[in-house]
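Undergrad: Heads up, the sequence shown is in the numbering used here, so the first residue is 370 and it goes up one at a time. Dropping a structure here in structure tokens format, bear with me for questions.
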Amino acid sequence: MSEPLVVNARDRSVGELLAVLDEGRRVTVRTEFLGSEHEVTLRHDGEIYYCDTPTRLHRHETAAEMRECIENQGYASDA
């Protein structure tokens, strides 16, 4: 398995993040929540997209659903 791409929240566009996931790589997003840094892992197994947070595992059936999650959670830049 290749090394995950590690980024800070809002460093990459949602399109860039989805492209990395579609290549089969994981993305680790460093984000701040309530004054503490957390890491969120984004991944795609070829069928399902996953957003693994410290408290919950989100499953998304389509790229559109994953795009919405990434945008809503503030993991991507506005570009």
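Just so it is clear, CB atoms sit at the ideal spot from N, CA and C, and this is done for glycine as well. This structure is a prediction, so every number in the text was calculated from the model and none was measured.
1. I'd like the span of the alpha helix (DSSP H) that includes ARG394, first residue to last.
2. Given 8 Å as the limit, is there contact between the segment 388–395 and the segment 437–444, that is, 3 or more CB pairs closer than that?
3. Expressed to the nearest angstrom, what Euclidean distance is found between the alpha-carbon atoms of VAL376 and THR431?
4. Between which two residues does the beta strand (DSSP E) containing GLU416 stretch?
5. What residues are listed by DSSP as bridge partners for ARG428?
6. Using a Cβ-Cβ cut-off of 8 Å (strictly less than) and excluding sequence neighbours within five positions of GLU406, which residues of its own chain qualify?
7. Report the three-state DSSP secondary structure of GLU372 (helix, strand or coil).
TA: Let me lay it out:
1. Numbered from its first residue, the sequence shown carries residue 394 at position 25. Element bounds for ARG394: n/a, residue is neither H nor E.
2. no
3. Position 7 of the sequence shown, counted from the first residue, corresponds to residue 376. Position 62 of the sequence shown, counted from the first residue, corresponds to residue 431. The straight-line gap from Cα to Cα measures roughly 23 Å.
4. On the sequence shown, position 47 is the one that residue 416 refers to. That residue, GLU416, is in no beta strand (DSSP E); it is neither H nor E in DSSP.
5. Position 59 of the sequence shown, counting from 1, holds the residue named residue 428. ARG428 pairs with TYR419.
6. Taking the sequence shown and counting its residues from 1, one reaches residue 406 at position 37. Excluding sequence neighbours, GLU406 sits near ARG399, THR400.
7. As a first step, residue 372 is located in the sequence shown; it is residue number 3 there, counting from the start. DSSP places GLU372 in coil when its eight states are reduced to three.
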